[in-house]
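Structure first, commentary second.
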Amino acid sequence: MTLKKALSRARELLIANNIEDASLESELLLRHALDISRTQLYLDLNNKLSTKQEEAFWNLVKRRLAREPTAYITGHREFYRIDFYVNPSVLIPRPESELLVEKVISIARNHQVPTIAEIGTGCGAIAISLALNLPQSKIYATDISASALKVALMNCQKYGVVNRIHLLQGDMLSPLPEQVELIVANLPYVNYSEIDTRGFEPILALNGGADGFEKIRQLCREVSNKLRPTGYLLLEIGQGQCRAAITLLRSLFPRAKIEVELDLSGIERVVSLYLPKK
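Every letter in the sequence shown is one number past the one before it in this note's numbering, and letter 217, counting from 1, is 270.
Written out as structure tokens, the structure is:
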């Protein structure tokens, strides 16, 4: 079987099983099976797969048909144009979370942000993206999961930012050794009742409690102890949580400036808060 026929057959199977982006996913799986680049894949489309290569590829396709995410199968996920290692210890980075990175970089262009804390770093995608774009900032990245921090460390080592990102284990803001100018967080915001416990992603990274807002609420109530005066807080939120987030922040910080950013689907996705001078 040629690479072209293998791609076509895999795409048909993925489509038949209602898997989105079937063309891209079949390509990623074949490239992973053969350990080749996208350019090489298309140069070799008419080449035949060996028996061993076919077996390896179809085993990957079977895993995908069983709903295992391609990112876990290949161990890779692109985020903010950077390739990150991921495994089932961490949530797979989503494109909408790039809004957080863009917002922080925008703030840093206009204001001094010498210290940043990312809460719930997972694989480290947000913290590392910030470190690569804001070389003057010191970054703390916390996570309650030791296994997640191991993945984050691997990615920090890959991109040479081990000395600039301080990985800290603990719940929410408790591991931070000092106040910071900016806190950014993509916390769990899914209602527990809506989580597929048979899924592959870690429940700890998805579970936002009974109303999906438990972790965000906890963080907001801790912020005043760890955020410097005139500091910033940026939160990624779930669909329908914007009003609750703004109401909570207004009750805690009556004088703060609050803004909301929409994602590409028009969903209110990022809430940012700025503490003015007293």
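Glycine included, C-beta positions come from ideal geometry on N, C-alpha and C. For clarity, every value in this text was computed on a predicted model and none was experimentally measured.
Problem - N-terminal and C-terminal residue of the alpha helix (DSSP H) that V166 is part of - result: In the sequence shown, the residue the question calls residue 166 occupies position 113. Annotation: V166 is outside any alpha helix (DSSP H) and is labelled neither H nor E by DSSP.
Practice task
Report the residue ranges of all beta strand (DSSP E) runs contained in full by the stretch 242 to 300; include only those spanning at least 3 residues, in chain order.
Solution key: If we require 3 residues or more, the beta strand (DSSP E) runs fully inside the stretch 242 to 300 come out as 280 to 289.
Exercise for the section: Would you kindly work out how many angstroms separate the C-alpha atoms of P255 and L144, rounded to a whole number? Expected result: Stepping through the sequence shown from its first residue, residue 255 is reached at position 202. Stepping through the sequence shown from its first residue, residue 144 is reached at position 91. Looking at the two C-alpha atoms, the distance is approximately 6 Å.
Exercise for the section: Enumerate in chain order the residues of its own chain whose CB-to-CB distance from I126 is below 8 Å, with the five nearest sequence positions on each side excluded. Expected result: In the sequence shown, counting from the first residue as 1, residue 126 sits at position 73. When the five nearest sequence neighbours on each side are left out, the beta carbons in the same chain lying within less than 8 Å of the beta carbon of I126 are those of L82, H85, L113, R116, R117, in order along the chain.
Practice task
Have a look at G252 and V157 and give me their C-alpha separation to the nearest angstrom.
Solution key: One-based indexing of the sequence shown puts residue 252 at position 199. One-based indexing of the sequence shown puts residue 157 at position 104. The straight-line gap separating the alpha-carbon atoms of G252 and V157 is approximately 31 Å.
Exercise for the section: Please say whether A309 and L287 have beta carbons closer to each other than 8 Å? Expected result: The residue labelled residue 287 in the question sits at position 234 within the sequence shown. The residue labelled residue 309 in the question sits at position 256 within the sequence shown. For the 8 Å CB-CB criterion, L287 and A309 do not form a contact.
Problem - Own chain, CB closer than 6 Å to I218, minus 5 neighbours either side, in chain order - result: Here residue 218 is taken as the residue at index 165 of the sequence shown, counted from 1. Short of 6 Å from the beta carbon of I218, and not among the five residues preceding or following it, lie these beta carbons of its own chain, in chain order: A180, A184, I192, A194, C209.
Handout entry: Nearest neighbour of A238, chosen from A109, E314, C273 [CA to CA]
Key = Here residue 238 is taken as the residue at index 185 of the sequence shown, counted from 1. C273 is the residue among A109, E314, C273 whose C-alpha sits nearest the C-alpha of A238.
Problem - Neighbourhood of N186 by C-beta distance below 6 Å, restricted to the same chain and skipping five residues each side - result: Your numbering for residue 186 matches position 133 in the sequence shown. Within the same chain, N186 has close Cβ partners I158.
Practice task
Pull up the CB-CB distance for L221 and R270, whole angstroms please, since I reckon it's below 8 Å.
Solution key: Taking the first residue of the sequence shown as 1, we reach residue 221 at position 168. Taking the first residue of the sequence shown as 1, we reach residue 270 at position 217. About 22 Å; that fails the 8 Å criterion.
Handout entry: Reference G213; option with closest CA among P188, H129, I311
Key = Position 160 of the sequence shown, counting from 1, holds the residue named residue 213. Ranked by Cα distance from G213, the options P188, H129, I311 are led by P188.
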